[in-house]
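These protein sequence lines are chains W and X, in that order. Per the numbering used here, residue 4 is the first one in the first sequence, and the count goes up by one each step. Per the numbering used here, residue 54 is the first one in the second sequence, and the count goes up by one each step. Quick reminder that beta carbons are idealized off the backbone N, C-alpha and C, glycines included. As the structure is a computational prediction, the values presented were derived from the model and not from experiment. So the structure is just underneath, and the comments pick up after that.
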Amino acid sequence: MPLPHSIRLQNVTVEFDKGFTCANLDWVIHPEHHWLICGSNGSGKSALAAVLTGAGDIQQGIVKNLPERVGVVSFEAQQELIEAERRKDDADIMDVIAEGTPVADIIAAVAQDKPLAEELCDKFGITPLLDRAFRKLSTGESRKVMLIRALICKPDLLILDEPFEGLDVTTLAVLKQHLQQIAASTTIVLVLNRLDQCPEFVSHIAYMANSELTQQVSRDNADEWSQIQGLLHLKTADLTIPPTDADTSLPELDASQPLIRITNGAIRYGDTTIFENLQWTINPGQHWQLTGPNGSGKTGLLSLITGDHPQCYVNDIFVFGFQRGSGESIWQIKQFIGYVSTALQWEYTVGTSLRNVIISGFYDSIGLYSKPTDNQRKVADKWLAVLGMQAKADETFSSQSYGDQRLILIARSMVKHPPLLILDEPCLGLDEMNRQRVLALIELICQRSSSTVLYVNHHAEDKITGINNYLALDDLP
Amino acid sequence: MSQNYFNSLPLREQLEQLGKCRFMHLDEFTDGVEALKGKKMVVIGCGAQGLNQGLNLRDSGLDVSYTLREAAIKEQRQSWKNATENGFTVGTYEELIPTADVVLNLTPDKQHTNVVNTVMPMMKNGACLSYSHGFNIVEEGMKIRDDITVIMVAPKCPGSEVRAEYVRGFGVPTLIAVHEDNDPQGEGLALAKAYAVGTGGHKAGVLMSSFIAEVKSDLMGEQTILCGMLQTGSLLCFDKMIEEGIDAGYASKLIQYGWETVTEALKYGGVTNMMDRLSNPAKIKAFDLAEEMKSIMRPLYNKHQDDIMTGKFSATMMADWANDDKELLGWRADTAETAYEKTPAGEVEISEQEYFDNGILMVAMVKAGVELAFETMTAAGIIAESAYYESLHETPLIANTIARKKLFEMNSTISDTAEYGCYLYNHACVPLLGDFMKNIKSDVIGAGLQLNDTAVDNARLIEVNEAIRSHPVEDVGATLRGHMSDMKKIV
């Protein structure tokens, strides 16, 4: 049966064991909708689902219309049942070998509907195991039993937390088909790690991040639907940073030297001084965050480093082994830097494919003016896979959404594994969903690459794990 | 005044110099900027070309400083600000010229005689003097000291674009030349190549030309198709649309952005592609109009080319220079008073395709002008590659200046030489096309053909297509654009 009423969570804060809290939950489950809860590990997906079963202490807010009959399949529920069986054994003080409760009884404990039970046991291949002790089943087998228990009680709400995990291919297909059938008559909430397993009947996605329900997306909104898939891909797929192209390796840097050293740095336009007396040394492996209000010269300071600011020639700047103004070319400097900014995105008006935009990172060019090698193409394709955009490799950059363009440019900045990665307000102009996608990608890069990151942002909330050196431009003397 | 250098040469050498133009391959630039490494480059003038070339050369690891007249430094004029704000050393001629290994003369043509006469005595023995336009040498007959190497490096784009393309990691097509009378150490070509690499030009394609071919083709292109035709076309098309009752704001906008839009198609795929953007009946119409205009305007193009070859054009212009630019300034003021120039573009939305559909006459004018200029130049002994660059290639660049701020912007962006030639052309061409314009209606300018039936005769369409595609400018254009796209956009 579908839900008799919509379940409503209004501004709910709920606390679970060990102080785990989900806050500010606002959520409505209409009887005719089927939800998928997703998010990275530890984001509170299962906790959100558990709220629907009445679990947790409601600290604040209102939870309305929780149904009475809820079918739950989860690792937790499975483990509880196995634990209970084990306790039965332990409780037995007699010196006989306890067999434990047979599967048939485990199922019968919840099922009134015998024909349905038989049908399901048959479908899931459990019939030969009916006499075996539940606790002796393999993980996959006990999972099937849990599924059958949940399905035969004809619940108002069916909660399936990672129901596809540990199932063999045949059972997976059977289960999906069965769910599709009952979706017409049962409200289903799924918790899934991988969106590629999302069944057809799911109409809405709830995205959890840091124990908050940050995104709710309807399948009807095609753009958001594909963006949330992209975000989830970055958050949950086991991604590695693609290797760089061995043939375009960078010159070795002296590890004992700082990457950047600016002495008494200043930028002046006519009589106006943007900043002066700036001392800044960036050593390899030292991640920095640069902050400052608009107009404080953040971008100017960065362009002194990248060589894009003409006053780099009248400052005392040492970068990547070069004292600026000693006959080096800017391309010798830029080869060590990966760079992303809103301005770059605006300037990137060359009509070329996503693959070529990524490859252009090897050449530090806007547009691609050299014939790429096969290897470079391969590296670019691997990055597209990381972004979940393999299928779009040949589409033009300009036809992409703003958020997708930003992700592509971040991949472009990383292809050569630059010693220094400069991210100049990488989330500027992005909506919440795309902000999360960009942060997810940056976090991945910070964790899994050896680039030193220089991150510019005036939003304190966009902190990135692993950055612990700060330079604030408004604090300059 | 010195004698016109071109006229001092025997015909055999004139033809040889006019015919010089070779597309250089990227592998001819493997030495990079080596020939200029460690040499002191001093730029005279800090306008758009001077500043932007200097920025590129410095970013390529070369030693660049600027020299300005004492007054410009003392009064902290714009050129002084340009150089100092960008962190360059700035000094007077006396301070910097004697230290220079290479002097880059990037002042306007008009000042060349004066500037070169001033700096030449201060230059080191064996130094190099570089021009980006050969007018001073070829037309004014400037004689440079025998020990000095004289080269030319001329990026074929406005200064801002020279910089923008470099920053992107690319460059703009560049023409280089060595003045053979002044190459005492035989290092002219090596220096010119290194200079082209320093500005990024080698990535977009370098043409090895001669001072003479550059001057004679550059003058011809700029005064006919590039600036003259667009100015004449703008004025005639606007007045016709008003006469036909088209909304003035619409007419103004169709012209201001129309040149840019239709020549964008030209840039990508030549006259063929520009014409292909029209419907079949419109293409045949544009073709016929262009043929008619070509036969009317051919004597005018010939006259311009002849006056350029004999030196009559430069003599006339130099007389005006000597007369405080009286003609030039008068014509400039007249242009500002034209109805087109005074009518701002309307708020109306015009789609990209509509510029073609409602601008058939403009397409025809571009086709006629490009083909005529090309034909006239090649008939005068200029090689096809030069003729291509000075006609078809540069048209979109000039059209872009009109899109920015109409004829005012075009005439203030181009050189005084081009502007003077443009007015000469315009004054002759407007009356020349008078009868032709009488038969023009809004179907070819402003309103579109508005046909219910777009059928065309097969034989006629094949004939027209064949004529468009087989024009020699299309042949050389396809080859040169091919070279560029080999390196440029792998779109």
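| task | Could you please tell me which residues of the stretch 361-377 of chain W, in chain order, have their CB closer than 8 Å to any CB of chain X? | result | S363, Y366, D367, S368, I369, G370, L371, Y372, S373, K374 and P375
| query | Exposed or buried, what is V172(W) when buried is set at 16 or more other beta-carbons lying within 10 Å of its beta-carbon? | reply | exposed
| message | Measuring straight from C-alpha to C-alpha, what distance separates F461(X) and A386(X)? | response | 10 Å
| Just reading off the beta strand (DSSP E) that N472(W) is part of, what are its end residues? | N472 to A475
| task | Can you give me the start and stop residues for the alpha helix (DSSP H) that F188(X) sits inside? | result | F188 to V191
| Should K117(W) be labelled buried (16 or more other beta-carbon atoms within 10 Å of its own) or exposed? | exposed
| query | Just to check, is the beta-carbon of Y372(W) closer than 8 Å to a non-hydrogen atom of the ligand NAP? | reply | In the structure on display, the ligand NAP does not appear, and there are no ligands present to speak of.
| request: Go ahead and pull the three-state DSSP assignment for D377(W). | output: helix
| query | Using a beta-carbon distance below 9 Å, is V86(X) in contact with chain W? | reply | yes
| message | At the level of alpha carbons, what is the spacing between K542(X) and N359(W)? | response | Unreliable placement is indicated for K542(X), whose pLDDT of 42 sits below 50; no coordinate value is reported for it.
| Thinking C-beta only, is R451(W) closer than 9 Å to T243(W)? | yes
| message | Using only the alpha-carbon positions, how far apart do L237(W) and V441(W) sit? | response | 9 Å
| message | Between V220(X) and chain W, is any beta-carbon pair separated by less than 9 Å? | response | yes
| Going along chain X in order, which residues have a C-beta closer than 7 Å to the C-beta of V317(W)? | G140
| said: At the 9 Å Cβ level, is P158(W) part of the contact set with chain X, yes or no? | reply: no
| 7 Å CB neighbourhood of L175(W) in its chain, flanking five on each side removed | F167
| said: Let me check one thing: in DSSP terms, what residues is R90(W) bridge-paired to? | reply: Answer is none; R90(W) lacks a bridge partner.
| message | Can you give me the C-alpha to C-alpha distance between F427(X) and S263(X), rounded to a whole angstrom? | response | 18 Å
| Just the Cα atoms here: how many angstroms apart are Q129(X) and V317(W)? | 19 Å
| message | Only counting the same chain, and skipping five residues up and downstream in sequence, which positions put a Cβ closer than 6 Å to that of V95(X)? | response | S118, T120, L149, A153 and V156
| Going along the chain, which residues of its own chain have a beta-carbon closer than 6 Å to the beta-carbon of M54(X), five neighbours each way excluded? | Since pLDDT at M54(X) reaches only 49, below the 50 mark, its modelled position is unreliable, and the value read off the structure follows with that caveat. If we look at M54(X) and ignore the five residues flanking it on each side, it has no Cβ neighbours.
| How is I403(X) classed by DSSP in three states: helix, strand or coil? | coil
| field | Contact check, A343(X) vs A421(X), beta carbons under 9 Å | value | yes
| query | Is the shortest distance between the beta-carbon of L64(X) and the beta-carbons of chain W less than 9 Å? | reply | no
| request: Reducing DSSP to helix, strand and coil, say where L431(W) ends up. | output: coil
| Does the separation of the CB atoms of S523(X) and D162(X) fall below 9 Å? | no
| message | Please return the same chain residues whose Cβ sits closer than 6 Å to the Cβ of T470(X), not counting the five positions on each side in sequence. | response | D162
| query | At a CB-CB cut-off below 7 Å, which residues of chain X make contact with I340(W)? | reply | Residues of chain X passing the Cβ test: none, with the nearest at roughly 13 Å.
| Are there 16 or more other CB atoms within 10 angstroms of the CB of F141(X), so buried, or fewer, so exposed? | buried
| message | I want to verify the contact list: residues of chain W whose CB lies under 9 Å from the CB of F76(X), in sequence order. | response | Neighbours of F76(X) on chain W: none; closest Cβ ~17 Å, over 9 Å.
| query | Quick one: is R111(X) near chain W, going by C-beta distance under 9 Å? | reply | yes
| task | Please confirm if the stretch 332-345 of chain W is in contact with the stretch 408-424 of chain W, defined as three or more CB-CB distances below 8 Å between the two stretches. | result | yes
| request: Excluding the 5 residues preceding and the 5 following D271(X) in the sequence, name in chain order all residues of the same chain whose CB lies nearer than 6 Å to its CB. | output: E443
| request: Grab me the residues of Y473(X)'s own chain with a C-beta within less than 6 Å of its C-beta, minus the 5 sequence neighbours each way, in chain order. | output: M370 and L381
| task | Rank P70(W), F127(W), R135(W) and K21(W) by C-alpha distance to the C-alpha of T189(W) and give the top, closest one. | result | P70(W)
| request: Using only alpha-carbon positions, find the residue among A111(W), T276(W) and I413(W) that is nearest to I155(W). | output: A111(W)
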